[in-house]
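Under the working numbering, the residues of the sequence shown are numbered 362 to 661, in order.
See below for the structure under consideration.
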Amino acid sequence: MSGTVIVGYDQSEPSEQSLMFAAREAELRGATLVVFHGYHFTRRGAALIPPAALQQVYEDAGLRIAEIGVEHVRSRFPDLAVRSGAEAGLHARMLAEAGENADLIVVGNRGRGGFTGLLLGSVSMRTLGAARCPVVVVRGGEHGPRGRVVAAVDIDGPAAETVLDFAFDEASLHHADLVAAYAWDQDAPLILDATLGTAALGEAAQTIIAACDDRLAALVQKTGARHPEVASSHHAATASPAGLLVAESQYADLLVVGARRHSHDHPGMRIGPVAAAVLHHAECPVAVAPAPAGSDGTKP
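Spelled out as structure tokens, the structure:
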């Protein structure tokens with residue numbers, strides 16, 4: 362396996378954590394790791410320093426930050442192919458553009474501009490909004506391997522198979538089990554005649570969730586056939602989707618969710634309410650896998 366994993370790095374504590382996560386991912390994939398830093402070039406102070414010289418100062422500082430990240434990686438992963446990169450501009454856009462042909466982009470849940478207690482920084486969300494490839498937002502504290510990858514499968518969504526493909530690949534790389542989860546919030550979609558009693562509502566819900574479980578099982582079986590080395594299980598439940606997934610994240614090494622692409626020629630992903638809640642509250646890294654181009658009306 363070969364390819365590229367790109368990680369956003371700014372020397373903040375969350376970016377140090379995402380740096381090590383990305384290095385492990387690159388090592389498992391046999392990929393090259395690119396440590397990337399995006400910086401802003403401003404003309405403030407130009408009266409004292411010529412603009413060209415000032416720009417060089419910013420460029421040198423940006424490259425130095427990226428090189429510090431490279432040094433940290435080499436101290437832990439001496440055999441990993443790793444290089445640095447830095448560009449002027451909005452960090453999220455630069456990161457997404459640098460990772461346009463990457464296998465994976467990795468970001469921290471917040472950067473240097475964030476404050477303690479901030480659940481998810483603007484750079485992380487903007488990167489998701491611009492990226493064309495899967496993006497991992499590294500959340501949760503340091504812990505040993507839990508041996509579990511959770512795939513959040515929307516059985517009616519265009520990214521269902523993409524989520525499972527990515528999750529099975531990750532489970533295989535990490536020698537972990539895969540759990541596919543689907544939550545049906547009966548309070549939202551269930552529309553029944555008001556004259557039906559509680560018993561009828563309960564019976565209808567059981568019928569619906571059983572059908573959902575069958576559909577989920579079929580999707581897992583189809584994708585799992587390509588990964589016989591991965592032990593997999595699935596469960597469909599009547600619950601708040603975000604609540605179920607955040608609970609699952611307590612016992613997972615990675616939680617994989619899907620996202621629709623933007624319409625027409627706009628790159629990047631549209632983050633739905635469930636994925637947004639998970640990105641803000643999950644207790645493990647969250648991977649967001651985009652639906653295939655054209656699967657929901659977008660151009661390939």
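Here a beta-carbon is modelled for each residue, glycine too, at the ideal position from N, C-alpha and C.
Nothing here was measured: the structure is a model prediction, and the numbers come from that model.
{"Check": "Distance between Ile569 and Leu557 (C-alpha atoms, nearest Å)", "Outcome": "For Leu557, the pLDDT reaches just 49, beneath the cut-off of 50, and the residue's location in the model is therefore unreliable, although a value from the coordinates is still provided. Using only the alpha carbons, I get a separation of about 16 Å."}
{"Check": "Presumed contact (8 Å Cβ cut-off) between Leu525 and Thr584, rounded CB distance", "Outcome": "4 Å"}
{"Check": "Beta carbon of Ala492 nearer than 9 Å to that of Val617", "Outcome": "no"}
{"Check": "Beta bridge counterpart(s) of Arg444 as assigned by DSSP", "Outcome": "Val395"}
{"Check": "Within 9 Å, strictly: CB atoms of Ala521 and Gly619", "Outcome": "yes"}
{"Check": "Bridge-paired residues (DSSP) for Ala620", "Outcome": "Pro651"}
{"Check": "Alpha carbon of Leu553 to alpha carbon of Ala566, nearest angstrom", "Outcome": "With a pLDDT of 48 at Leu553, under the threshold of 50, the modelled position of this residue cannot be trusted; read the value that follows with caution. Going by the C-alpha atoms only, they are around 11 Å apart."}
{"Check": "Alpha-carbon to alpha-carbon, Leu456 and Asn462", "Outcome": "11 Å"}
{"Check": "Opposing strand residues paired with Met630 [DSSP bridges]", "Outcome": "Arg622"}
{"Check": "Range covered by the beta strand (DSSP E) that runs through Val497", "Outcome": "Val496 to Val499"}
{"Check": "Sequence-distant residues of its chain with Cβ nearer than 8 Å to Ala572 (five each side left out)", "Outcome": "none"}
{"Check": "Whole-angstrom distance between Val368 and Gly460, CA atom to CA atom", "Outcome": "9 Å"}
{"Check": "Between the CA atoms of Tyr419 and Gly508 - distance to the nearest angstrom", "Outcome": "42 Å"}
{"Check": "Rounded C-alpha distance that separates Gly384 from Ala597", "Outcome": "Just to set this straight, residue 384 is Ala in the shown sequence, not Gly. Computed Cα separation, rounded: 34 Å."}
{"Check": "Short Cβ contact (9 Å threshold) for His398 with His452", "Outcome": "yes"}
{"Check": "Start-to-end residues for the beta strand (DSSP E) that takes in Gly469", "Outcome": "Leu465 to Gly469"}
{"Check": "Check whether Val498 and Val395 have beta carbons under 9 Å apart", "Outcome": "no"}
{"Check": "Helix, strand or coil at Arg493 [DSSP, three-state]", "Outcome": "coil"}
{"Check": "N- and C-terminal bounds of the beta strand (DSSP E) containing Ala541", "Outcome": "Asp538 to Trp545"}
{"Check": "Selection from Arg454, Arg587, His588 and Ser594 that minimises the alpha carbon distance to Ala578", "Outcome": "Ser594"}
{"Check": "Same chain, Cβ closer than 8 Å to Ser601, five either side skipped, listed in chain order", "Outcome": "Ala544 and Asp546"}
{"Check": "Own chain, CB closer than 6 Å to Glu428, minus 5 neighbours either side, in chain order", "Outcome": "Ser445"}
{"Check": "Alpha-carbon spacing of Val467 relative to Val496, whole angstroms", "Outcome": "6 Å"}
{"Check": "Inter-residue CB distance, Val591 and His642 (contact presumed, cutoff 8 Å)", "Outcome": "Actually they do not touch by this definition, with Cβ atoms about 27 Å apart."}
{"Check": "Helix, strand or coil at Gly505 [DSSP, three-state]", "Outcome": "coil"}
{"Check": "DSSP-derived helix/strand/coil call for Gly475", "Outcome": "Note that Gly475 scores a pLDDT of 43, beneath 50, so its modelled location is shaky and nothing firm can be said."}
{"Check": "Euclidean distance between Cα positions of Glu448 and Cys645", "Outcome": "29 Å"}
{"Check": "Which of helix, strand or coil DSSP assigns to Val635", "Outcome": "helix"}
{"Check": "Endpoints, the alpha helix (DSSP H) within which Ala457 is located", "Outcome": "His452 to Ala459"}
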